[in-house]
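Number of protein chains: 4
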Amino acid sequence: MSDNTMTVYGHVGTEVDFRESNAFCWAMFRVGSTPRYFDRKQGIWRDLETVWITVKATRTLAENVKASLTVGEPVVVIGRIRTHTWQDPTTRETQRRDVLEATAVCHDLNRGTTTFRRNEQPAATEATASEGEVVRAFEASQGEQAPTTGESRQPVSA
Amino acid sequence: MSDNTMTVYGHVGTEVDFRESNAFCWAMFRVGSTPRYFDRKQGIWRDLETVWITVKATRTLAENVKASLTVGEPVVVIGRIRTHTWQDPTTRETQRRDVLEATAVCHDLNRGTTTFRRNEQPAATEATASEGEVVRAFEASQGEQAPTTGESRQPVSA
Amino acid sequence: MSDNTMTVYGHVGTEVDFRESNAFCWAMFRVGSTPRYFDRKQGIWRDLETVWITVKATRTLAENVKASLTVGEPVVVIGRIRTHTWQDPTTRETQRRDVLEATAVCHDLNRGTTTFRRNEQPAATEATASEGEVVRAFEASQGEQAPTTGESRQPVSA
Amino acid sequence: MSDNTMTVYGHVGTEVDFRESNAFCWAMFRVGSTPRYFDRKQGIWRDLETVWITVKATRTLAENVKASLTVGEPVVVIGRIRTHTWQDPTTRETQRRDVLEATAVCHDLNRGTTTFRRNEQPAATEATASEGEVVRAFEASQGEQAPTTGESRQPVSA
């Protein structure tokens, strides 16, 4: 069966959290996407509630994302939704989070211009860190910085 | 800024919950989408964790979805992700849920055949129920039937 | 680099041309998709020019498409654009056609209801016919029936 | 009925042709997208035939695309397919071309890094040039530079 896909237009909401383990690297950050609708009675555009998506990139894409993105910049992210579950070491609760695994991340040229610089070095090689471990580490780091929004954790009764 | 979009390939995970209010109607159900990857060492396909998506359809699409979908059938859903927040009347906690507002729902012809029957009656008219109210009602009904998976609620600290 | 993707909402424009060779089968048909825009001055929806897409499905999807689709029915097609080139045997000209190789084909539940019937028999096996041959055969058969629209062939100077 | 959508991953194949008329501006260029498949018998990736797409951007996106893209750079384009027909002034033949009207154009961060610079000036205002005229002008300019590929014109018998 085909894989799910998602395309998000939004803004970089958090610093890019970049990590390496052996020869494998990954980067995670949050994107805020605020849909709008046209209020015909008032004749104006209105914002809906901001959707917050956790994005994960790996290898070369992770390195380029770390080097290119700054909080607040408009981005387009294309990827596949994955669910990750892990055991919180302190509370013993099972945590679940949906993550957008990016196949592409780009600056949105609707909002500004970009200067492109091609990579020279080859891509990183095989994955060594487990999926859950990657997401857990990002979530823990996010706990130290107050989230940019009131986005909730997702405690799941074990 | 363009709207986010998502395409999900999965199976109908719950009964379609169909409701009407005045001349407006909507339907909600859950889709389970299980991504796979090819394990080259073993030479076999392996399942990843199932992603559970709450889908909402309105008006004519809601009516046709109610009349057409049965639990377990393979579906393709295309739509936009929306975040809904509401106050739980009993616990006073703020609940948040991401919902895929469907622009299209279909039976997947990769897995079987379909006989199509065109609508005769016109589409339902303007919306009267608020967004949050619709989702809150669905969530409450899901609480009575044990969820098909261990999918967690999402309590959000107020 | 990721593969291109396309999602089309339209109507079945031609009979499904289904063919088999050894244990491999494929089906081709045209979809007409008519985009619209809202004319705010007039307050009405206006049609743009219809886009005609040639769709190709293989194996189980081809069999189910043949058994399910009728000319005029509303469909959703998701797939990847491929370019096929072949030598016209009579004119000796090189012909080129873009084809949407479907990963999913479905009846659109915005316009009617569907009754789903799951497949029992296993999927067809490995491909034996070449890509260009498949498209050439379809194009030839389309030449016998006057095209549903004024869609042009695409003679390419060699 | 929903609008068709397409996402293309490829490289900028031609110079960006940028034009202005009154307060409206647009840009057109070609993207070459080469799909690949994994040949399991040989254990290597093989290229399929390159798909050539004509992309059109308008207003602010057109200006930013003109300022940012260089031939050969990897890009991601998201948009809607439109068909344009026009009368060739010299041959009197009806020409038809499918164009991807971009909702987003970006440098692909899988292949390099980008430095983003936000726009200051406001977007251009209402369209004044007709659709067909825009595409006709681009096609004429392409005739002067030999096409990057053997892509054919599309004469349509009137």
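Chains as they are written, first to last, in full-length UniProt numbering: chain V, 1 to 158; chain H, 1 to 158; chain F, 1 to 158; chain L, 1 to 158.
For each residue, glycine too, the CB sits at the ideal point set by N, CA and C.
- [ ] Would you kindly work out how many angstroms separate the C-alpha atoms of W26(L) and D39(V), rounded to a whole number?
- [x] Here residue 26(L) is taken as the residue at index 26 of the fourth sequence, counted from 1. Here residue 39(V) is taken as the residue at index 39 of the first sequence, counted from 1. Cα to Cα, W26(L) sits roughly 28 Å from D39(V).
Task: Three-state class that DSSP yields for A129(F) in the structure shown - done: Stepping through the third sequence from its first residue, residue 129(F) is reached at position 129. Bear in mind that the predicted position of A129(F) carries a pLDDT of just 46, short of 50, making it too unreliable to give a figure here.
Open item on the list: Cβ closer than 7 Å: which chain F residues qualify as neighbours of R117(H)?
Closed with: The residue you call residue 117(H) lines up with position 117 of the second sequence. Simply G112, T113.
- [ ] Could you spell out where the beta strand (DSSP E) holding K56(L) opens and where it closes?
- [x] Against the fourth sequence, residue 56(L) aligns to sequence position 56. 51 to 58 is the extent of the beta strand (DSSP E) around K56(L).
Task: Own chain partners of E126(H) with C-beta closer than 6 Å, once the 5 adjacent residues on each side are dropped - done: One-based indexing of the second sequence puts residue 126(H) at position 126. Because E126(H) carries a pLDDT of 42, less than 50, the predicted location of this residue cannot be relied on, and no value is offered for it.
- [ ] With DSSP as the reference, label A124(V) as helix, strand or coil.
- [x] For the purposes of this step, residue 124(V) is taken as the residue at position 124 of the first sequence. Note on A124(V): pLDDT 44, under 50, position unreliable in the model; the coordinate value appears next. It is coil, neither helix nor strand.
Open item on the list: Does V65(V) pass the burial test, meaning 16 or more other C-beta atoms within 10 Å, or should it be called exposed?
Closed with: By 1-based counting over the first sequence, the position of residue 65(V) is 65. Label assigned to V65(V): buried.
Open item on the list: Does L61(V) come out as helix, strand or coil in the three-state DSSP assignment?
Closed with: In the first sequence, counting from the first residue as 1, residue 61(V) sits at position 61. DSSP, read as helix, strand or coil, puts L61(V) in helix.
Task: Three-state secondary structure assigned by DSSP to A104(V) - done: If you number the first sequence from 1, residue 104(V) lands on position 104. Residue state, collapsed to three classes: strand.
- [ ] Determine the direct distance from the alpha carbon of R36(V) to that of T149(H), and round the result to whole angstroms.
- [x] Against the second sequence, residue 149(H) aligns to sequence position 149. Against the first sequence, residue 36(V) aligns to sequence position 36. Because the pLDDT of T149(H) is 36, which lies under 50, any placement of that residue in the model is unreliable, and the number read from its coordinates should be weighed accordingly. T149(H) and R36(V): Cα-Cα distance of roughly 32 Å.
- [ ] Return helix, strand or coil for S68(H), following the three-state DSSP convention.
- [x] Counted from its first residue, the second sequence places residue 68(H) at position 68. Of the three classes helix, strand and coil, the one that applies to S68(H) here is helix, per DSSP.
Open item on the list: If you reduce the DSSP assignment to three classes, tell me which class residue 177(V) lands in.
Closed with: There is simply no residue 177(V) to check, as chain V begins at 1 and stops at 158 in what is shown.
- [ ] Tell me, please, which residues DSSP counts as bridged to R80(F).
- [x] Along the third sequence, read from residue 1 onward, the residue named residue 80(F) stands at position 80. Looking at the DSSP assignment, R80(F) forms a beta bridge with E101(F).
Open item on the list: So for Q42(F), helix, strand or coil by DSSP?
Closed with: Locating residue 42(F) in the third sequence gives position 42, where the first residue counts as 1. Looking at Q42(F) - three-state DSSP - the assignment turns out to be coil, as it is neither helix nor strand.
Open item on the list: My assumption, with CB atoms under 8 Å, is that V105(L) sits in contact with L48(L). Please give the rounded CB distance.
Closed with: Locating residue 105(L) in the fourth sequence gives position 105, counting from the first residue. Locating residue 48(L) in the fourth sequence gives position 48, counting from the first residue. So it is not a contact: roughly 23 Å between Cβ atoms.
Task: Best match in L109(F), R118(F), R96(F) for proximity to T50(L) [C-alpha to C-alpha] - done: Counted from its first residue, the fourth sequence places residue 50(L) at position 50. Answer by Cα proximity: R96(F).
TODO: Output, in sequence order along the chain, the residues in the stretch 56 to 69 of chain H whose CB is closer than 7 Å to any CB in chain F.
DONE: T60, L61, N64, V65, A67, S68
Open item on the list: Does chain L have any CB closer than 8 Å to the CB of H11(V)?
Closed with: For this step, residue 11(V) is matched to residue 11 along the first sequence. False, the Cβ-Cβ gap to chain L never drops below 8 Å.
Task: Rounded distance between the beta-carbons of K56(F) and W8(F), thought under 8 Å - done: As a working mapping, residue 8(F) is identified with position 8 in the third sequence. As a working mapping, residue 56(F) is identified with position 56 in the third sequence. It is Val, not Trp, that sits at residue 8(F) in the sequence shown. That belief does not hold up - the Cβ atoms of V8(F) and K56(F) are roughly 13 Å apart, past 8 Å.
Task: Burial state of P74(V) (16 or more Cβ within 10 Å) - done: Residue numbering aside, residue 74(V) sits at position 74 when the first sequence is read from its first letter. P74(V) is buried by the Cβ-count criterion.
Open item on the list: So R81(H) contacts chain V; which residues on that side make the cut at Cβ distance below 9 Å?
Closed with: As a position in the second sequence, residue 81(H) is number 81, starting the count at 1. Sequence check: residue 81(H) is Ile here, not Arg. The contacting residues are M6, V8, S33, P35, V51, I53.
TODO: Would you please verify whether the beta carbon of E20(H) is less than 8 Å from any beta carbon of chain F?
DONE: Sequence index remark: in the second sequence, residue 20(H) carries index 20 (1-based). So no, E20(H) is outside the interface.
Task: V31(L) - partner residues in DSSP beta bridges - done: The residue labelled residue 31(L) in the question sits at position 31 within the fourth sequence. Partner(s): V12(L), I53(L).
Task: Reduced DSSP category for A89(L) - H, G, I as helix; E, B as strand; rest coil - done: By 1-based counting over the fourth sequence, the position of residue 89(L) is 89. Strictly speaking, residue 89(L) in this sequence is Pro, with Ala absent from that position. Correct three-state label for P89(L): coil.
Task: Interface flag, D3(V) vs chain H, CB-CB below 8 Å - done: For the purposes of this step, residue 3(V) is taken as residue 3 along the first sequence, with counting starting at 1. Cβ-Cβ to chain H under 8 Å: yes for D3(V).
Open item on the list: Buried or exposed, going by whether 16 or more other CB atoms sit within 10 Å of the CB of V31(F)?
Closed with: Start at 1 with the first residue of the third sequence, and residue 31(F) comes out as number 31. V31(F) is buried by the Cβ-count criterion.
Task: C-beta contact flag for F116(V) and H107(L) at 8 Å - done: For the purposes of this step, residue 116(V) is identified with residue 116 of the first sequence, where counting begins at 1. For the purposes of this step, residue 107(L) is identified with residue 107 of the fourth sequence, where counting begins at 1. Yes, the pair counts as a contact, with Cβ atoms nearer than the cut-off.
Open item on the list: Looking at the secondary structure, which residues open and close the beta strand (DSSP E) in which E20(F) lies?
Closed with: Here residue 20(F) refers to the residue found at position 20 of the third sequence. Note, E20(F): beta strand (DSSP E), 17 to 21.
Task: Simplified DSSP assignment, three categories, for M1(L) - done: Within the fourth sequence, residue 1(L) is the residue found at index 1, counting from 1. Looking at M1(L) - three-state DSSP - the assignment turns out to be coil, as it is neither helix nor strand.
Task: Check: T58(V) C-beta below 7 Å from any heavy atom of the ligand PLP - done: Looking at this structure, you won't find the ligand PLP or any other ligand, since it has none at all.
TODO: For T14(F), go through chain L and note every residue whose CB falls closer than 7 Å to its CB, in chain order.
DONE: Here residue 14(F) is taken as the residue at index 14 of the third sequence, counted from 1. The premise fails here: T14(F) is roughly 17 Å from chain L at the closest Cβ pair, so nothing lies under 7 Å.
Open item on the list: Quick check: the Cα distance between R80(V) and F24(L), rounded to an integer number of angstroms?
Closed with: In the first sequence, the residue the question calls residue 80(V) occupies position 80. In the fourth sequence, the residue the question calls residue 24(L) occupies position 24. Distance between the alpha carbons of R80(V) and F24(L) is about 37 Å.
Open item on the list: Looking at the secondary structure, which residues open and close the beta strand (DSSP E) in which R111(L) lies?
Closed with: Here residue 111(L) corresponds to residue number 111 of the fourth sequence, with the count starting at 1. First-last for R111(L): undefined, no H or E at that position.
Task: Close Cβ partners of D88(V) (< 7 Å) along its chain, the five nearest in sequence each way excluded - done: Working through the first sequence from its first residue, we reach residue 88(V) at position 88. Cβ neighbours of D88(V) beyond the five flanking positions: Q95.
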